[in-house]
Each structure stands twice: as structure tokens, then as C-alpha cells.
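Asks:
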Amino acid sequence: MAEFLTALPSLFVETRESGSVSVTIKRYDYQGVKHQREKKRLERAKNDGEEGAIHLLVDSLSLGDKEYATLVRAATPKKKLSTLVAPADLDAFLARYHGLLLANVDTIKKNERLRKKKYAAKRLAARKARGAREKKAKLKKQSPAAAAAAAAAAAVAPDA
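Counting with numbering that gives the first Met the number 0, you get residues 0 to 159 for the letters of the sequence shown.
1) Taking a contact to mean a Cβ-Cβ separation below 8 Å, would you say T14 touches T69 in this structure?
2) Which word fits L165, buried or exposed, when buried means at least 16 other C-beta atoms lie within 10 angstroms of its C-beta?
3) Any idea what DSSP makes of V164, helix, strand or coil?
4) What does the Cβ neighbour count give for Y118, buried or exposed, with the cut at 16 atoms within 10 Å?
5) Specify the secondary structure class of T14 as computed by DSSP and reduced to three states.
6) Assuming S81 contacts R95 under a Cβ cut-off of 8 Å, what Cβ separation, rounded to an integer in Å, is found between them?
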């Protein structure tokens, strides 16, 4: 765990100019290793008797109230890191990991497309507001009788 947390900042530094670091965190339930061990046990139990094999099969299928380790992986195209974190150490690990992310958050680039969308939405809202202000100003400049006639014509005419 400590080696992972000391090597992770170097991955962030390597990809500062270009590239990315992919981090995954998931539950590790030992199924691959467990499956191979159970297979061997079942074969041995079959040789000993059918009843022993049935008990081993039932035990292997029940998960129970176990705490699982956490598998953490970090990868760049050139380098890969991984570690298993015990359930008791998970809170301390996540606190240190959070600190690392905060220290390296300056390298994260904002999505350019998202920035453009927000700017376009603001521009559209400004255009609509300007158009509404211009309409009001136009109606104010007209004589009261002409303004009433225009308002009545707008109310009668269906919108296209």
C-alpha cells in the first residue's frame, strides 16, 4: 500500500504535459485463486467420498458476512501499479489517496467541449434578452394608439 501511494505521484508527474492516468478501485473477492483451490479440494473430496464433495460445494457457494479487500489499480500506457488494501486499512488509504488527488488536481484539464457549450448557452440567453429589450423599447417609442394596435394584432395573429 505504501509503495503504491509513493509511486502514484510519479505517474501524475509523467502525464502532466500529455497523457492520462486511469485509476480503478473495486472489491477484491479472491474468486480466481479461490476457484482453483476449491477445484483441487473438490477433486480430493470426490476421491474420499461423495458427501464430502457436497459439503465443500455448499461452503464454496455461500459468501457469508466476510469483509473483502479492495483492489486499487493505476495505469498509464507505459506503466501499471496495483495494490490490495485490507478492510482495516481502507479509511487511512482513502485519506492519503484523497490528499494525493488534491495535490495533483492542477494537472486536470477542463473539458473544452463543455466550456464551449456553456459559452454558447450564455450567448444564446444574452441574444434572447437583448431581443426582448429591443421589442419593449420599440413599443415604447410608438404612439399609444399604434402600440395598442400592434399588441392587438399580435394577439389575433397565430404564432408560426
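Don't be surprised by glycine CBs; every beta carbon is placed ideally from N, CA and C.
Every value quoted in this text rests on a predicted model; they were computed, and no experiment measured them.
Replies: The short version:
1) no
2) This structure leaves residue 165 out entirely; the chain is present only between 0 and 159.
3) Since the first residue shown for the chain is 0 and the last is 159, residue 164 is missing from the structure and cannot be characterised.
4) exposed
5) coil
6) Contact flag wrong, Cβ pair sits at about 16 Å.
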